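Novice: Below is a structure I'd like to ask you about.
Number of protein chains: 4
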Amino acid sequence: MLTMSATTPPARRPRADAQRNRDHILDVAEQHFGEHGVTGSLDAIAKRAGVGAGTLYRHFPTREALLAALLAARDDELVARREAIRTGSTDAAEALDGWLRALTDWASAFDGLPEPLRAAMSAEASPLALTCQGYITTTDEFLADAQREGSARAEVRGRDLFLATLATSWARGAAMADESSPASMADLTRTGWATTQPPCDAPRSVLG
Amino acid sequence: MLTMSATTPPARRPRADAQRNRDHILDVAEQHFGEHGVTGSLDAIAKRAGVGAGTLYRHFPTREALLAALLAARDDELVARREAIRTGSTDAAEALDGWLRALTDWASAFDGLPEPLRAAMSAEASPLALTCQGYITTTDEFLADAQREGSARAEVRGRDLFLATLATSWARGAAMADESSPASMADLTRTGWATTQPPCDAPRSVLG
Amino acid sequence: MLTMSATTPPARRPRADAQRNRDHILDVAEQHFGEHGVTGSLDAIAKRAGVGAGTLYRHFPTREALLAALLAARDDELVARREAIRTGSTDAAEALDGWLRALTDWASAFDGLPEPLRAAMSAEASPLALTCQGYITTTDEFLADAQREGSARAEVRGRDLFLATLATSWARGAAMADESSPASMADLTRTGWATTQPPCDAPRSVLG
Amino acid sequence: MLTMSATTPPARRPRADAQRNRDHILDVAEQHFGEHGVTGSLDAIAKRAGVGAGTLYRHFPTREALLAALLAARDDELVARREAIRTGSTDAAEALDGWLRALTDWASAFDGLPEPLRAAMSAEASPLALTCQGYITTTDEFLADAQREGSARAEVRGRDLFLATLATSWARGAAMADESSPASMADLTRTGWATTQPPCDAPRSVLG
DNA sequence: AATGAATGAGTGTTCATTCAT
DNA sequence: TATGAATGAACACTCATTCAT
C-alpha cells in the first residue's frame, strides 16, 4: 500500500488472518518438531494449531515446504551470524570454522533435520534444495578465502564441507547428547585423525 | 522321523525346522532390506519368507534384533578383513585407515543402516549395541597402535572414529551417489580441511 | 475506464471483464474435463483459469451448471447437425438414426458425461435438465416422423431413445475402446438381438 | 488330516472367528452399499462392522475385491435362476431373454454397480473380471442356442449382450425408478426401435 | 512352536463449499 | 464483485505389534 515495490503483481494484501494463521502454524510446527523431531505428525500440527488439515496443506504442500519455511524464518539469524563472523574474524580459517559451527547449530534445530537436508542436496525439486544451495554458496566463499590464505586444503569443496556439517549434526543426534566427546566429528573434520599427510600417490580416501 | 541324526535328543521334531526357518527369514530380510532400506516393512519380510508375522517376531522380537542377526552373519567377513589388514599392513596408520574403510563399507550394507547403529551406540538395551561395541573395541586397538606409532592424534578415541564411519556411510546415502567428491567425508576424517593445527588454547571443536 | 463502449450503462467497469472471465473458465473447463473426465477437480479448473474458486462458483454454482454451460456452447454444432440431417436424409428412419448418432457423439464429449445427464433426466432442478429436455424433444420429432413413416415402432418414446444413447455412450467408456464390437450397443438399439418379434401376450421387457 | 485333498496346502481351518468376522463384514457391506451405493465409504463399513480398517483391508484388499465377494455370495441365486431357465424354457429365445433379465437384476443389486463391472470387463487384473467372465460365458451359451434356433442374430456376441445388460442396469439408476418406461432399454435391446432391417450395405451402427 | 487374524491410530492428500476481506 | 483462504470430513491404505488358536 505504501512504498510497495513493483515486483509483486497486484500484491493483494495477504489477508491479515491468513498471515496470522500461517505464522501460527509455523510457531506450532516449530514446537512440535522440537518435541517430536522432523517426522512428527503433520496432522497433529494442524490439530494443535486449531486449523484443518487442508489449511496446513494449502500453506505448506509438503513436509519439506514446511521445513523450508521454518528454516527461512531462521535465515535472519544465520545471516547475522555470518556477518558477525566476517567482521569479527582475524583470519579466514577461523572464519570458516565459525561458519561451519553456525551451520552445524542450524542443522541441529530439530531432531532428524539433517536427513531431509541431505536428501535435498541431490533432489533439486525439494523446497529445501534452495535453502541448502544458498548456504553451500556461502560456505564456498568462506572456503575460498581460507584457500587463498593457504589455510585450507585446495581440493576441498564447499559442498563437501556443508555435507560434513550435516553429518556432524546427524552424529550429534539425541544418542550422543549425553556423551561429551573430546574429539568430536567436527574436530575430525577440521584436522583429521592423522598427524601426517598420506603419501601423495596413495589413495587418500577411505571410500575409494 | 526317519533318518534322524543322533545328535538331537529324543525331541519329537528336530529343531532343524526352526533353524531353517530362521535362516530363510534372514535370507529374505537381507534381500528386502537391500531393496527397501532398513525401514522396509517387517510384514512384507514375513510374507516373502512364507512365515507368519508371529514367527518372525518370535525369532527377532524387534527390528534391531533382526538387523543384529543380519550383521552377525556378516561378522565373518569383517573379521577376515581385520586379519588381512593386520597381517598385510606396513604401518599402523594404513592399518587404521583400512579398518575404517572396512567399517564404512559394513555400515553401508543397507540404506539407512547407520541410523539404528548410531542409536545403538547410546542405547545399551539394543541388540545392536553389542555389535557396535565389538567393532569399537577393534577400532580402539588399531587406533592405539597408530597412536603408539605417533601417526594418530592422541586425543582421538575409537568411539569417535566409529561414529565418524557411521556418519560417512550416512553421508554417502543416495544423495552423493552420483557426485564424485574429490574430497570426501572420509578424506576429511583423515586429514581434515585445515592445513595447519589450530592454536593450542583456541577451542578446537566446532561443536564445543 | 478509457474507451468504454456506449452499450453498457454507467457501470463502473464494463462487465466485459466478467464475460471474458466466464469464457476463459469455459475454455479451461473444456480442456480439463477432456483430460480428467467430468469428475475432474473444480479447484484445479479455477487454478488453471487463474481465478479464485469463489469466482468459478459465482459463475457456475454447481458442477452441473458448468457442464450445462459447456454443452450449451456445443449446442450450435448439434443444431447444425440436426439441420443437415433434416435436409439431407431420404427417409425418416435414416434421419432418426443419424440424429441418435449425433446424440451419442455429443454425450461422449467427456469421460463420464452420461452419468450427470442421466441424473438430470429425473432431476428437474438440474441445469442439465433443460439441456436434456431440448434434445429429447428433437428426438421425439425425428421419432414421430419415423413412426408416421412406419419405420419405427409405435410404442417407443423419444425419452427412451435419448436414454439409450446415453447408455450407449456410457458403454463406450474406455472399457470397450480397444474392442471393435461387431454388434455394438447402438446396433442392438436399432434392431435388437432377436430376429423375430416376441409373442404379443408375452412380457416384452427384460425389465418388467 | 483325514481325507484331505491335495489341492489345499495344510488347509488350516480358517479360524472360526475370522470366518465370522468376514461374514459379518460382508453383511454390513451389503447393507451399506445398499444404502449408499458402491462408492460408500469403506472406512464406514469397517466402523459399522466394529472392526479395524486393517481387518477389512486384510479380507478385501480393494473395493473391487469386496464387491466380488459380495457378488460371489449371490452367485448361488444366479446359478439357480440359470438352471430354472434352462429347464423351464420352451425356446432358446425366451431362455436368453430370461437370462438377460436375471443378469440385469443382478447388476442392479447396488447403486452404481454397473460402473465397476464395466470397468472390470477390460481390466483383467480386477477381481470382478472373473465374475464377469463367467457370466459372459453363460450368456454365450444361451446366445448360441438361440442362434442355432435362428431366433438370435448371428453377429451378436455374448460379450455385447452382457454389456447391454450392464447398460440397462445403469439406465435404470435411481433416476428412472419413478418412470415406468413402456419401451425400456431392455425392449430396445431385444427388438430395437426399427421395424425393418437397415439396408445390408449401409452402416448398421449408430457408432460407426 | 507357529500361525496369521486383529488391531486402530496414523499417513499424506483432496475437494466442494463457505465466507472474511 | 471477486478473491482465495479456510474448512474439516473423507479418502484409501499401511504397519508394528499383540494374541487367540
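Protein chains in written order, with UniProt numbering: chain L, 1 to 208; chain Z, 1 to 208; chain Y, 1 to 208; chain H, 1 to 208. From the three backbone atoms N, C-alpha and C, an ideal C-beta is built for every residue, glycine too. Please read all numbers here as calculations on a predicted model, not as lab measurements.
Let me check understanding here. Comparing Cα to Cα, which of Y:L166, Y:S169, Y:L143 lies closest to H:W193?
Specialist: The sequence position of residue 193 of chain H within the fourth sequence is 193, counting from 1. With respect to the C-alpha of H:W193, the residue from Y:L166, Y:S169, Y:L143 having the closest C-alpha is Y:L143.
Novice: May I have the straight-line CA-CA distance separating L:L161 from L:L188, to the nearest angstrom?
Specialist: To locate residue 161 of chain L, count along the first sequence from 1; it is residue 161. To locate residue 188 of chain L, count along the first sequence from 1; it is residue 188. Taking the straight line joining both Cα atoms gives about 12 Å.
Novice: Going by Cα to Cα distance, which pick from L:A152, L:R190, L:G150, L:R148 is closest to L:A164?
Specialist: Counting from one through the first sequence, the residue named residue 164 of chain L turns up at place 164. Residue L:R190 is the option with its Cα nearest to L:A164.
Novice: So, does the CB of H:E151 fall closer than 9 Å to a CB anywhere in chain Y?
Specialist: Working through the fourth sequence from its first residue, we reach residue 151 of chain H at position 151. In the sequence as displayed, the identity of residue 151 of chain H is Ser instead of Glu. Closer than 9 Å to some Cβ of chain Y, the Cβ of H:S151 qualifies, so yes.
Novice: Note the first and the last residue of the continuous alpha helix (DSSP H) segment covering Y:L138.
Specialist: Translated into the one-based positions of the third sequence, residue 138 of chain Y becomes position 138. The sequence given here places Thr at residue 138 of chain Y; Leu does not occur at that position. DSSP places Y:T138 inside the alpha helix (DSSP H), whose first and last residues are 127–149.
Novice: Cutting at 7 Å between CB atoms, please list the residues of its own chain near L:S108, excluding the five before and the five after it.
Specialist: For the purposes of this step, residue 108 of chain L is taken as the residue at position 108 of the first sequence. So the list reads S169, R172, once near-sequence residues are dropped.
Novice: Could you confirm whether any beta carbon from chain Y is found closer than 9 Å to the beta carbon of H:G50?
Specialist: For the purposes of this step, residue 50 of chain H is identified with residue 50 of the fourth sequence, where counting begins at 1. No, no contact with chain Y.
Novice: Assuming H:A53 contacts H:A44 (C-beta within less than 8 Å), just tell me the rounded distance between them.
Specialist: Position 53 of the fourth sequence holds residue 53 of chain H. Position 44 of the fourth sequence holds residue 44 of chain H. At roughly 10 Å, the Cβ-Cβ gap does not stay under 8 Å, so H:A53 and H:A44 are not in contact.
Novice: By how many angstroms is the C-alpha of L:D17 removed from the C-alpha of Y:N21?
Specialist: As a working mapping, residue 21 of chain Y is identified with position 21 in the third sequence. As a working mapping, residue 17 of chain L is identified with position 17 in the first sequence. One C-alpha to the other measures close to 27 Å.
Novice: On the DSSP bridge assignment, give the partners of H:A167 in chain order.
Specialist: If you number the fourth sequence from 1, residue 167 of chain H lands on position 167. H:A167 is not bridged to any residue.
Novice: Please decide whether L:V156 counts as near chain Z, where near means a Cβ-Cβ distance under 9 Å.
Specialist: By 1-based counting over the first sequence, the position of residue 156 of chain L is 156. True, the Cβ-Cβ gap to chain Z drops below 9 Å.
Novice: With a cut-off of 9 Å, does the C-beta of H:D160 fall near any C-beta of chain Y?
Specialist: Numbered from its first residue, the fourth sequence carries residue 160 of chain H at position 160. Interface annotation, H:D160: in contact with chain Y, CB-CB separation under 9 Å.
Novice: List, from N- to C-terminal side, the alpha helix (DSSP H) runs of 4 residues or more that fit wholly inside the UniProt domain "HTH tetR-type" (19–78) of chain H.
Specialist: 42–49, 53–59
Novice: Name, in chain order, the residues that DSSP records as bridge partners for H:A194.
Specialist: Taking the first residue of the fourth sequence as 1, we reach residue 194 of chain H at position 194. H:A194 pairs with Y:A152.
Novice: At a Cβ threshold of 9 Å, is Z:S41 touching chain L?
Specialist: Against the second sequence, residue 41 of chain Z aligns to sequence position 41. So, not an interface residue.
Novice: Can you have a look at Y:Q147 and say buried or exposed, based on whether 16 or more other CB atoms are within 10 angstroms of its CB?
Specialist: By 1-based counting over the third sequence, the position of residue 147 of chain Y is 147. Burial call: buried.
Novice: Could you name the residues of chain Y that H:T189 contacts, counting a contact when the two beta carbons are closer than 8 Å?
Specialist: Translated into the one-based positions of the fourth sequence, residue 189 of chain H becomes position 189. Annotation: Cβ neighbours of H:T189 in chain Y (cutoff 8 Å, chain order): L188, T189, G192, W193, V206.
Novice: Give the DSSP-derived three-state secondary structure of Z:R118 in the structure shown.
Specialist: Start at 1 with the first residue of the second sequence, and residue 118 of chain Z comes out as number 118. Z:R118 falls in the helix class under three-state DSSP.
Novice: Got a sec: which bits of the stretch 115–138 of chain H sit with their beta carbon under 7 Å from any beta carbon on chain Y, in order along the chain?
Specialist: R118, A119, M121, S122
Novice: Classify Y:L103: buried if its beta carbon has 16 or more other beta carbons within 10 angstroms, exposed otherwise.
Specialist: Residue mapping note: residue 103 of chain Y aligns to position 103 of the third sequence, counting from 1. Under the 10 Å beta carbon count, Y:L103 is surrounded by 16 or more other beta carbons and is classified as buried.
Novice: If I measure Cβ to Cβ from Z:G158 and keep anything under 6 Å in the same chain, skipping five residues before and after, which residues do I get?
Specialist: On the second sequence, position 158 is the one that residue 158 of chain Z refers to. These residues qualify, in order along the chain: I136, T139, D140, L143.
Novice: Based on Cα-Cα distance, which residue from Z:R86, Z:H24, Z:T55, Z:P61 lies nearest to Z:P127?
Specialist: Numbered from its first residue, the second sequence carries residue 127 of chain Z at position 127. For the residues Z:R86, Z:H24, Z:T55, Z:P61, the minimum Cα distance to Z:P127 belongs to Z:P61.
Novice: So what does DSSP say about H:L207, is it helix, strand or coil?
Specialist: Within the fourth sequence, residue 207 of chain H is the residue found at index 207, counting from 1. Below a pLDDT of 50, predicted positions are generally treated as unreliable, and H:L207, at 40, falls in that range; the measurement from the model is reported next regardless. H:L207 falls in the coil class under three-state DSSP.
Novice: Below 9 Å between beta carbons: does that hold for H:D145 and H:A92?
Specialist: Residue 145 of chain H sits at position 145 when you count from the first residue of the fourth sequence. Residue 92 of chain H sits at position 92 when you count from the first residue of the fourth sequence. Going by C-beta atoms, H:D145 is nearer than 9 Å to H:A92.
Novice: Would you kindly work out how many angstroms separate the C-alpha atoms of residue 209 of chain L and Z:R153, rounded to a whole number?
Specialist: This structure cannot speak to residue 209 of chain L, because chain L is shown only from 1 to 208.
Novice: Name the chain H residues that come within less than 7 Å of Y:G173, Cβ to Cβ?
Specialist: One-based indexing of the third sequence puts residue 173 of chain Y at position 173. The answer, in chain order, is R118.
Novice: Let's see if you can read the secondary structure: which residues bound the alpha helix (DSSP H) around L:D91?
Specialist: Walking along the first sequence from the start, residue 91 of chain L turns up at place 91. No alpha helix (DSSP H) contains L:D91, which DSSP labels as neither H nor E.
Novice: When the Cα atoms are used, what is the spatial distance from L:A84 to L:L96?
Specialist: Here residue 84 of chain L is taken as the residue at index 84 of the first sequence, counted from 1. Here residue 96 of chain L is taken as the residue at index 96 of the first sequence, counted from 1. Their Cα atoms are separated by approximately 12 Å.
Novice: Below 9 Å between beta carbons: does that hold for Y:W99 and Y:R74?
Specialist: On the third sequence, position 99 is the one that residue 99 of chain Y refers to. On the third sequence, position 74 is the one that residue 74 of chain Y refers to. No, these two residues do not count as a Cβ contact at 9 Å.
Novice: Closer than 9 Å, CB to CB, is Z:S89 near chain L or not?
Specialist: For the purposes of this step, residue 89 of chain Z is taken as residue 89 along the second sequence, with counting starting at 1. At least 9 Å separates the CB of Z:S89 from every CB of chain L.
Novice: In terms of alpha-carbon separation, which member of H:T39, H:G134, H:A69 lies closest to H:E115?
Specialist: As a working mapping, residue 115 of chain H is identified with position 115 in the fourth sequence. Per the Cα distances, H:T39.
Novice: Count the other CB atoms within 10 Å of the CB of L:A49; is the residue buried (16 or more) or exposed (fewer)?
Specialist: Position 49 of the first sequence holds residue 49 of chain L. Counting Cβ neighbours within 10 Å, L:A49 comes out buried, since at least 16 surround it.
Novice: May I ask you to report which of helix, strand or coil DSSP gives H:A183?
Specialist: Sequence index remark: in the fourth sequence, residue 183 of chain H carries index 183 (1-based). Since pLDDT at H:A183 reaches only 47, below the 50 mark, its modelled position is unreliable, and no value is offered.
Novice: By Cβ distance, which residues of its chain are closer than 6 Å to L:A183, with the 5 residues on each side in sequence left out?
Specialist: Walking along the first sequence from the start, residue 183 of chain L turns up at place 183. The predicted model places L:A183 with a pLDDT of 47, which falls under 50 and marks its position as unreliable; any figure quoted below should be read in that light. Taken in chain order, the list of residues that qualify is empty.
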